[in-house]
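Undergrad: Chains as they are written, first to last, in the working numbering: chain E, 2 to 177; chain L, 67 to 386.
Mind looking over this structure? Questions follow.
Shown next as structure tokens:
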């Protein structure tokens with residue numbers, strides 16, 4: 002039986018996201034700010050963060066989504082082909098202040114792929130990384146700028162993020 | 067369970083509806099790649115693909131080549147004329163020699179029905195059929211299916227009629243397999259001399275007159291009339307063909323609903339299709355061309371799958 006530890010429940014997740022939204026504004030301002038979610042759950046989190054920023058700052062934040070499957074470094078090694086999701090960026094990203102949003106930061110390979118993919122769309126003024134959970138275990142020199150919660154984990158463990166839009170509830174579990 | 071396509075794409079006849087849907091769904095995100103400022107993703111980096119064309123082709127070859135290049139594969143084109151093929155080398159020898167140069171995939175067009183399947187059984191590389199004789203042209207049918215799905219939001223329950231030279235058409239055969247597997251009603255319409263005997267056994271309805279087909283159909287897929295058919299006596303003359311079978315605005319006006327017009331190209335304007343129809347508001351002929359690149363990218367991506375032993379190693383390494 003796997004053991005499950007609740008890292009965040011719905012109210013805690015709401016508080017965490019609200020703190021992250023504030024940290025994004027503090028770091029990047031809202032001028033030229035674009036939030037880009039990494040498929041899948043990063044997209045929903047980016048939506049939420051954008052709404053929070055729009056409400057507190059009374060601005061409109063352009064949103065994008067990125068599917069990094071075709072940029073994975075293990076694409077020729079994995080078995081059946083993973084499904085490719087939608088990629089759409091809001092207009093021109095050259096000169097923008099892009100914030101990449103993902104649910105969990107682990108090895109850093111997803112972020113590496115996302116940076117390569119973004120570079121093929123243009124040259125943003127700055128790219129920052131914002132994640133709900135940083136679980137350590139990096140295999141590349143990549144760090145997040147805005148982190149919801151840090152968790153120490155081992156290789157046999159899994160961080161499961163659920164969001165209301167896709168899973169019907171907001172919570173984050175550590176599964177051993 | 068994950069769906070896989072296997073090693074080769076030879077035809078739609080032996081594919082499951084789930085496999086066909088997997089290709090169509092995978093093609094969706096690839097459409098967007100062709101709209102990017104840099105129309106290239108690294109998915110097939112390091113893969114070598116040979117386009118082996120024993121028959122002339124412009125559109126299909128270019129479409130495959132764009133698909134390959136936009137996935138970052140390295141490509142080589144081999145045409146039958148001016149190569150060792152014209153010196154009498156057999157198909158298998160040609161392919162084995164290419165394979166000895168460490169290629170990963172072969173896209174083949176050949177005049178003989180069954181050539182692609184024959185090759186697929188004899189070489190390790192993935193083989194994609196780009197048209198073999200009168201047998202199948204699977205990527206054309208897949209792009210037709212994608213275009214129909216885009217336009218109508220579904221395929222199931224639609225009435226799609228193939229018009230013209232069904233007898234010699236691999237496009238028609240692949241379309242019939244794909245459409246029926248996805249639940250469309252398929253009609254065929256054209257001169258008796260250009261209809262295969264027993265076509266109804268494939269589960270299609272034969273319409274002896276174009277007017278009846280137009281009254282019935284939601285979609286007309288107008289097949290190219292090969293001009294050499296006239297010389298061989300299948301039809302009396304091009305002018306007569308146009309008069310009796312041509313898809314014209316006057317005929318379409320009598321339809322109770324707007325009919326989506328498709329053509330696999332290249333068109334004979336004023337023979338099987340009137341220019342005003344080909345360029346009309348319900349024509350999706352250029353959408354077919356656009357979708358062709360996306361569908362071929364999807365097929366290449368899905369077939370160029372990974373090596374399972376590396377996948378296991380990656381899993382043991384505890385990747386995300």
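Each residue gets a CB set at the ideal place from its N, CA and C atoms; glycine is no exception.
Check distances from the C-beta atoms of the region 78-91 of chain E to those of chain L and list, in chain order, the residues that come in under 8 Å.
TA: Cβ contacts with chain L: 78, 79, 80, 81, 82, 84, 85, 86, 87, 88 and 89.
Undergrad: Whole angstroms is fine: what's the gap from residue 133 of chain L's alpha carbon to residue 100 of chain L's?
TA: Answer to the nearest angstrom: the Cα atoms are 9 Å apart.
Undergrad: Skipping 5 residues on each side, what residues in its chain have a beta carbon closer than 6 Å to that of residue 63 of chain E?
TA: Answer for residue 63 of chain E: 35 and 91, listed in chain order.
Undergrad: Rounded to the nearest angstrom, how far is the Cβ of residue 33 of chain E from that of residue 97 of chain E, given a contact under 8 Å?
TA: The Cβ separation is near 5 Å, so the contact holds.
Undergrad: Name the DSSP beta bridge partners of residue 7 of chain E, please?
TA: The partner list for residue 7 of chain E (beta bridge, DSSP) reads E/174.
Undergrad: In chain L, which residues lie less than 8 Å from residue 123 of chain E when you measure between Cβ atoms?
TA: The answer, in chain order, is 103.
Undergrad: Span of the alpha helix (DSSP H) holding residue 354 of chain L?
TA: Unbroken alpha helix (DSSP H) run through residue 354 of chain L: 351-369.
Undergrad: Take residue 231 of chain L and list the residues in its own chain whose beta-carbon comes closer than 6 Å to its own, dropping the five residues that flank it on each side.
TA: Counting only Cβ-Cβ distances below 6 Å, and skipping sequence neighbours, we find 260, 289 and 291.
Undergrad: For residue 168 of chain E and chain L, any beta-carbon pair shorter than 8 Å?
TA: So, not an interface residue.
Undergrad: If you follow the alpha helix (DSSP H) that residue 319 of chain L is in, where does it begin and where does it stop?
TA: That run of the alpha helix (DSSP H) goes 315-319.
Undergrad: Mind pulling the beta strand (DSSP E) runs of 3 or more residues that sit fully within the region 107-150 of chain L?
TA: 114-119 and 140-145, all fully within the region 107-150 of chain L.
Undergrad: Chain E partners of residue 368 of chain L, CB-CB under 9 Å?
TA: What residue 368 of chain L touches in chain E: 81 and 82.
Undergrad: Anyone know if the C-beta pair for residue 38 of chain E and residue 95 of chain L falls short of 8 Å?
TA: Not a contact, by the Cβ cut-off of 8 Å.
Undergrad: Residues in its own chain within less than 7 Å of residue 140 of chain E by CB, not counting five upstream and five downstream?
TA: For residue 140 of chain E, where only same-chain residues beyond five positions count, the Cβ hits under 7 Å are 108, 109 and 110.
Undergrad: Any beta carbon from chain E within less than 8 Å of residue 377 of chain L's own beta carbon?
TA: Low confidence applies to residue 377 of chain L: its pLDDT is 45, below 50, so where it sits in the model is not reliable, and the reading given next is rough at best. By this cut-off, residue 377 of chain L is an interface position.
Undergrad: Using the C-alpha atoms, what's the distance from residue 116 of chain E back to residue 297 of chain L?
TA: For residue 297 of chain L and residue 116 of chain E, the distance between alpha carbons rounds to 59 Å.
Undergrad: In three-state terms, what does DSSP make of residue 91 of chain L?
TA: Here residue 91 of chain L sits in helix by DSSP.
Undergrad: For the pair the region 56-75 of chain E and the region 111-130 of chain E, tell me if three or more CB-CB distances fall below 8 Å.
TA: As far as the Cβ criterion goes, the region 56-75 of chain E touches the region 111-130 of chain E, which means the pair count is three or higher.
Undergrad: Mark residue 129 of chain L as exposed unless 16 or more other C-beta atoms lie within 10 angstroms of its C-beta, in which case mark it buried.
TA: The residue in question, residue 129 of chain L, is buried, as its Cβ has 16 or more Cβ neighbours within 10 Å.
Undergrad: Curious, which full-length alpha helix (DSSP H) runs of at least 4 residues does the region 153-201 of chain L contain?
TA: Qualifying alpha helix (DSSP H) stretches, in chain order: 157-166 and 181-186.
Undergrad: Going by beta carbon distance, what residues of the same chain come within less than 7 Å of residue 21 of chain E, once the five residues before and after it are set aside?
TA: Hits under 7 Å: 50, 131, 147 and 149.
Undergrad: Please list, in chain order, the chain E residues whose beta carbon lies closer than 9 Å to that of residue 98 of chain L.
TA: Simply 87, 88 and 89.
Undergrad: With 8 Å set as the bound, which would you pick, yes or no: does the beta-carbon of residue 174 of chain E sit closer than that to a beta-carbon of chain L?
TA: No, residue 174 of chain E does not count as interfacial toward chain L.
Undergrad: So with Cβ pairs under 8 Å, would you call residue 68 of chain E a contact of chain L?
TA: For residue 68 of chain E, the answer is yes, since a Cβ of chain L falls inside 8 Å of its Cβ.
Undergrad: For residue 109 of chain L, go through chain E and note every residue whose CB falls closer than 7 Å to its CB, in chain order.
TA: Neighbours of residue 109 of chain L on chain E, chain order: 71 and 76.
Undergrad: Figure out for me which residue from E/119, E/54 and E/142 has the closest Cα to the Cα of residue 101 of chain E.
TA: It is E/119 whose Cα lies nearest to the Cα of residue 101 of chain E.
Undergrad: Output the boundary residues of the alpha helix (DSSP H) element that contains residue 213 of chain L.
TA: Segment 204-218, the alpha helix (DSSP H) holding residue 213 of chain L.
Undergrad: Assuming residue 146 of chain L and residue 119 of chain L make a contact with CB atoms under 8 Å, what is their CB distance in whole Å?
TA: With 8 Å as the limit, residue 146 of chain L and residue 119 of chain L qualify as a contact, their Cβ atoms being about 7 Å apart.
Undergrad: Give me the DSSP bridge partner(s) of residue 252 of chain L.
TA: DSSP output for residue 252 of chain L lists L/226 as bridge partner(s).
Undergrad: How about residue 213 of chain L and residue 328 of chain L: are their beta carbons less than 8 Å apart?
TA: Their beta carbons are under 8 Å apart, which means residue 213 of chain L touches residue 328 of chain L by this criterion.
Undergrad: Check this for me: beta carbons of residue 325 of chain L and residue 360 of chain L, under 8 Å apart or not?
TA: No; because the gap between Cβ atoms is not below 8 Å, this pair is not in contact.
Undergrad: Residues of chain E with CB under 7 Å from residue 68 of chain L, in chain order?
TA: Ordered by position in chain E, the residues that pass the 7 Å Cβ test against residue 68 of chain L are 81.
Undergrad: Taking the straight line between their C-alpha atoms, what separation do you get for residue 77 of chain E and residue 121 of chain E?
TA: Each residue's alpha carbon lies about 21 Å from the other.
Undergrad: Taking 8 Å as the limit between beta carbons, can you name the residues of its chain near residue 29 of chain E, skipping five residues before and five after?
TA: Closer than 8 Å at the Cβ level, and outside the excluded window around residue 29 of chain E, lie 98, 100, 127 and 129.
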